[in-house]
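The numbers in the numbering used here rise by one with no breaks, and the one at position 40 of the sequence shown is 30. Think of the CB as a built atom: it goes at the ideal place given N, C-alpha and C, for glycine as much as any other residue. Everything below concerns the one structure shown next.
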Amino acid sequence: MRKKATVIGAGNVGATAAMRLAEKELADVALIDILEGVPAGKALDLTEAGPIEGHDAKIIGASGDYGPAKDSDIVIITAGIPRKPGMSRDDLLSTNMKIMAAVTKEVAAVAPNAILIIVSNPLDAMCHVAYDVSGFPKNRVIGMAGVLDSARFRAFIAMELNVSVENTHAFVLGGHGDTMVPLPRYSTVAGIPITELLSQERIDALVERTRNGGAEIVGLLKTGSAYYAPSSAAIEMAEAILKDKKKILPCAACLSGEYGIHDLFIGVPVKLGENGVEEIIEIKLTDAEKAALDHSADAVRKLVEDIKRLR
Ligand code: APR
């Protein structure tokens, strides 16, 4: 049977995610936004690319109508507003929280068995909202952050060593923000840890660039944030689930004591398959790495407290 994926938010990340789903023929796609016409227009445009790209995915756009999302296997949520000049962090959090809650309620009603991939920022906080509102089990609410942060780290490692990106592997754990925890010891080129290949000074520089990866793009684009790599990251997760690949990827998952952390969404390596998060992988961390993860968890916990305060 054909799979169905819904993408909520037909903006830059959402529309590009829909394109990647169709071009990889992973699923039929429903693209939903509050804007009139935009999702239908983008869906039609993507459909008209089908004969050239050679895909037969059915792509439907809808404005405020969640009917096309019915019984989706996967729902990728990218809806939200970007931070505007003069807007405080709390204003952004409060607005995106309301959008995430409204969207999740609609999704849960029409697609009660779906696996949710959350993309909207602030990511870890948005995962908590989606988890609370949907009432879905932990394994079916997953945040996209680590795959993107790790891809950025991998791209920088490949550029630094002039090797294929395909030879690189990297793990970035923790929250999606300044406190993210890149793990050079577990980041490799053809299986060789980068700690054997690069000086500490160069590793620190690549780690710093990874931490600022989102801001670097915003600084260049000026009027928006990254969307090619974020949509690729969300679709790598969707593919692992739709094809039941059992792929190990760093994702924001709700922990229940793993890494000594309870009831908090944070980036850790997980196994993704048809049931969503099928396993949380606990890797050995040094004292410094564990301290960095705890520090990141504290920052996420503070965001979760802010959500409760703003509710
Ligand atoms: N329901 C559905 N769609 C909504 C809603 C809502 N209640 N509110 C806003 N949207 C839509 C907007 O109309 C817009 O089309 O969400 C879309 C967001 O698209 P962009 O502004 O282009 O933002 P984008 O770059 O795609 O980023 C989306 O992903 O990476 C994160 O930080 C990023 O939170 C942001 C999200």
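According to DSSP, simplified to helix, strand and coil, what is Ala216? Taking the first residue of the sequence shown as 1, we reach residue 216 at position 226. The answer is coil: DSSP assigns Ala216 none of H, G, I, E or B.
Who are the near neighbours of Lys(-6) in its chain, counting only those whose CB is closer than 6 Å to its CB and skipping five residues on each side? Walking along the sequence shown from the start, residue -6 turns up at place 4. Excluding residues up to 5 positions away in sequence, Ala17, Asp18, Ser62, Asp63 lie with their Cβ nearer than 6 Å to the Cβ of Lys(-6) in the same chain.
Give the secondary structure of Asp23 by DSSP, where H, G and I count as helix, E and B as strand, and everything else as coil. Taking the sequence shown and counting its residues from 1, one reaches residue 23 at position 33. If DSSP states are grouped into helix, strand and coil, Asp23 belongs with the strands.
Beta-carbon contacts of Arg201 that lie in its chain and below 8 Å, excluding the five residues immediately before and after: The sequence position of residue 201 within the sequence shown is 211, counting from 1. Hits under 8 Å: Asp168, Met170, Pro172.
Helix, strand or coil, according to DSSP, for His118 in the structure here? Counted from its first residue, the sequence shown places residue 118 at position 128. Three-state DSSP puts His118 in a helix.
Compare the C-alpha of Lys32 against each of Ile42, Glu272, Ala59, Gly4 and name the closest. To locate residue 32, count along the sequence shown from 1; it is residue 42. Checked all of Ile42, Glu272, Ala59, Gly4; the closest Cα to Lys32 is Gly4.
Extract the residue ranges of the beta strand (DSSP E) inside the stretch 217 to 261, only unbroken runs of 3 or more that lie entirely within it. 237 to 246
For Thr(-4), write down the residues that DSSP places opposite it in a beta bridge. In the sequence shown, counting from the first residue as 1, residue -4 sits at position 6. Ala20, Val65, per the DSSP bridge assignment.
With burial defined as no fewer than 16 other Cβ atoms inside 10 Å of the residue's Cβ, what is the status of Asp139: buried or exposed? Numbered from 1 along the sequence shown, position 149 holds the residue referred to as residue 139. Burial call: buried.
Count the other CB atoms within 10 Å of the CB of Ser286; is the residue buried (16 or more) or exposed (fewer)? Against the sequence shown, residue 286 aligns to sequence position 296. By the neighbour-count rule (16 or more Cβ atoms within 10 Å), Ser286 is buried.
DSSP on Tyr264, reduced to helix/strand/coil? By 1-based counting over the sequence shown, the position of residue 264 is 274. First, the residue type needs correcting, since residue 264 is Glu and not Tyr in the sequence shown. In the structure shown, Glu264 sits in coil (DSSP, three-state: anything other than H, G, I, E or B).
Might you give, ordered along the chain, the residues of its own chain that have their beta carbon closer than 8 Å to the beta carbon of Leu83, omitting 5 neighbours on each side? Here residue 83 refers to the residue found at position 93 of the sequence shown. Pro112, Ala115, Leu293, Asp296, Ile297, Leu300.
What residue ranges within the stretch 144 to 208 form continuous beta strand (DSSP E) runs of no fewer than 3 residues, ordered along the chain? none
Report the residue ranges of all alpha helix (DSSP H) runs contained in full by the stretch 78 to 147; include only those spanning at least 4 residues, in chain order. 79 to 100, 113 to 124
Three or more C-beta pairs under 8 Å: does that hold for the stretch 236 to 246 against the stretch 260 to 268? yes
Three-way DSSP call (helix, strand, coil) for Gly31 in this model: Residue mapping note: residue 31 aligns to position 41 of the sequence shown, counting from 1. Residue state, collapsed to three classes: helix.
Figure out for me which residue from Ile270, Glu268, Thr185, Ile256 has the closest Cα to the Cα of Leu283. Position 293 of the sequence shown holds residue 283. Nearest C-alpha to Leu283: Ile256.
Enclosing alpha helix (DSSP H) for Ala12 [first to last residue]: Locating residue 12 in the sequence shown gives position 22, counting from the first residue. Residues 2 to 13.
The beta strand (DSSP E) spanning Ala52 covers which residue range? Translated into positions along the sequence shown, residue 52 becomes position 62. Looking at the DSSP string, the run of the beta strand (DSSP E) that includes Ala52 is 49 to 53.
Can you find at least 3 beta carbon pairs, one from the stretch 29 to 49 and one from the stretch -3 to 16, that sit closer than 8 Å? yes
Note down, in chain order, each residue of its chain lying with its Cβ closer than 6 Å to the Cβ of Ser78, except the 5 sequence neighbours on either side. Against the sequence shown, residue 78 aligns to sequence position 88. Cβ neighbours of Ser78 beyond the five flanking positions: none.
Cβ distance (whole Å) where Glu264 is taken to contact Asp234 below 8 Å: Your numbering for residue 264 matches position 274 in the sequence shown. Your numbering for residue 234 matches position 244 in the sequence shown. Right, their Cβ atoms sit about 4 Å apart.
When burial is assigned at 16 or more other CB atoms within 10 Å of the CB, is Pro29 buried or exposed? Within the sequence shown, the letter at position 39 stands for residue 29. Pro29 comes out buried.
Closer than 7 Å: Gly181 CB and nearest ligand 1 heavy atom: The count along the sequence shown starts at 1 and reaches residue 181 at position 191. For Gly181, the CB stays at least 7 Å from every heavy atom of ligand 1.
Out of Glu26, Val131, Pro58, point me to the one whose CA is closest to Leu245's CA. Position 255 of the sequence shown holds residue 245. Ranking the options by Cα distance to Leu245, first place goes to Val131.
Can you tell me the Cα-Cα spacing of Arg199 and Val137, whole angstroms? Here residue 199 refers to the residue found at position 209 when the sequence shown is read from its first residue. Here residue 137 refers to the residue found at position 147 when the sequence shown is read from its first residue. Going by the C-alpha atoms only, they are around 16 Å apart.
Of the residues Arg(-8), Gly76, Ser110, Asn103, the one placed nearest Lys88, counting alpha carbons only: Taking the sequence shown and counting its residues from 1, the one referred to as residue 88 is at position 98. Ranking Arg(-8), Gly76, Ser110, Asn103 by Cα distance to Lys88 puts Ser110 first.
With distances taken Cα to Cα, identify the nearest neighbour of Ala39 among Ala59, Ala8, Pro58. On the sequence shown, position 49 is the one that residue 39 refers to. For Ala39, the nearest C-alpha among the options comes from Ala8.
Beta-bridge partners of Ile71, as assigned by DSSP: Here the question's residue 71 lines up with position 81 in the sequence shown. According to DSSP, which records beta bridges pairwise, Ile71 is partnered with nothing at all.
Distance between beta carbons of Ala216 and Gly204, contact taken as under 8 Å: Taking the first residue of the sequence shown as position 1, residue 204 is located at position 214. Taking the first residue of the sequence shown as position 1, residue 216 is located at position 226. Contact holds; Cβ gap of about 6 Å.
For chain C, check one thing: does any of its Cβ atoms lie closer than 8 Å to the Cβ of Asn86? You won't find chain C in this structure, because it holds only one protein chain.
For Glu269, three-class secondary structure by DSSP: Within the sequence shown, residue 269 is the residue found at index 279, counting from 1. Here Glu269 carries a strand assignment [DSSP, helix/strand/coil].
In this structure, how does DSSP classify His285 when only helix, strand and coil are distinguished? Counted from its first residue, the sequence shown places residue 285 at position 295. Looking at His285 - three-state DSSP - the assignment turns out to be helix.
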